[in-house]
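This note's numbering numbers the first residue of the first sequence as 693 and each following residue consecutively. Inspection log for the structure reproduced underneath, given as structure tokens.
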Amino acid sequence: MAEPFQPLPHAFYNRDTVEVARDLIGRILVRESATGPVGGIIVETEAYGPDDPANHAHRGPRPRNAVMFGPPGFGYVYRIYGMYWCVNAVTRGEGTGEAVLIRALEPTVGIEVMRANRGTEDPKALCSGPGRLCQALGITGADNGCDLMKGPVMIGGDSAQVDVVETTRIGITKAAHLPWRFCMKESLYLSRPPSPQ
DNA sequence: AGAGCGATGGCCT
DNA sequence: GGCCATCGCTCTA
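Have a look at this one:
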């Protein structure tokens, strides 16, 4: 079960945010918890880039989005709708507020922990959504600002030979036309199937 | 299968 | 006071 895991270097994230979002599909996201590693294969991401009204950083630095303006390769975790958490990988250089939202995982590690955290047995319901995957992995505001090379939240793995589908982003009203959502083709673990648009 | 909606709290105008 | 980078439940078909 213990597979080799090489964290992606910070330089990986210091690139065009849309490029990073596409490149993260097929990588491994893991959280080191008290009960052991929990995580899976990244199958869905969204880019929040420059000149993007849907980006939390669009109106400049605030206490909530401060991590987005820090160096690349760190985790930005925020609360949504008062009850869920969402996790991002910060991209680009320091002083720039861009990030990639991790929207869904194919569960591979610590599935029993995820079942307990999520209160369901259905493997397709464990990590198929940004709020769901944070609940499954136990990601909270305490993980905000963590180094994705050191943890508790880490991203690694090889560049995967996978087919990636690009679609428009979900759950936003501003800049909704941008094709900045990326899905692993034919994955069973997406938050929603890619729509043709 | 799809629409509607409540939960619940921080951030915005 | 309204808007959210959500989710799970209910209602209708």
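Using N, Cα and C, we set each Cβ at its ideal position, and we do this for glycine too.
By Cβ distance, which residues of its chain are closer than 6 Å to residue i, with the 5 residues on each side in sequence left out?
i	result
Arg719	Ile734, Ile847, Gly849
Gln698	Gly848
Ile772	Cys778
Taking only three categories from DSSP, how would you classify residue i?
i	result
Asp839	strand
Ala834	helix
Met775	coil
Leu659	Nothing in the structure corresponds to residue 659, since the chain is present only between 693 and 889.
Glu813	coil
Gln889	At Gln889 the pLDDT is 47, less than 50, meaning the model places this residue with poor confidence; the figure from the coordinates comes in the next sentence. DSSP places Gln889 in coil when its eight states are reduced to three.
Arg824	helix
Leu870	coil
Ala808	helix
Leu882	coil
What is the residue span of the beta strand (DSSP E) that residue i lies within?
i	result
Ala796	791-801
Gly731	728-740
Cys875	873-876
Met846	845-848
Arg723	720-725
Thr859	856-859
By the 10 Å Cβ neighbour count, where 16 or more other Cβ atoms means buried, how is residue i classified, buried or exposed?
i	result
Ala808	exposed
Thr783	buried
Ser851	exposed
Asp855	exposed
Asp715	buried
Asp744	buried
Arg891	Since the displayed the chain opens at 693 and closes at 889, residue 891 lies outside it and no answer follows.
Met876	buried
Asp835	buried
Gln889	Summary for Gln889: the model assigns pLDDT 47, below 50, so the residue's position carries little reliability, and this model does not support an answer.
Ser883	buried
Leu818	buried
Leu880	exposed
Leu797	buried
Of the choices the options, whose alpha-carbon is the least far from that of residue i?
i	options	result
Glu738	Leu700, Gly821, Phe704	Gly821
Arg824	Asp715, Tyr776, Tyr770, Gly767	Tyr776
Gly741	Arg884, Arg861, Lys877	Arg861
Ala791	Leu880, Val710, Thr859, Gly811	Val710
Gly774	Gly843, Gly833, Leu700	Gly833
Leu829	Lys842, Gln853, Glu804, Asp814	Glu804
His748	Arg873, Glu858, Ile864, Thr727	Ile864
Spatial neighbours of residue i within its chain, please: C-beta separation below 7 Å, excluding the five flanking residues on both sides.
i	result
Ile831	Arg723, Val769, Trp777, Val779, Val845
Phe766	Val759, Val782, Gly837, Cys838, Asp839, Leu840
Leu793	Thr737, Glu738, Tyr740, Cys778, Asn780, Pro822
Gly787	Phe761
Tyr705	Val712, Pro764, Gly765, Ala781, Val782, Thr783
Ala867	Asp744, Pro745, Ala746
For residue i, report the span of its alpha helix (DSSP H) as first-last.
i	result
Phe704	702-705
Arg714	709-715
Using a Cβ-Cβ cutoff of less than 8 Å, which residues in the same chain neighbour residue i once the five nearest sequence positions on both sides are dropped?
i	result
Thr800	Ile720, Gly731, Gly732, Ile733
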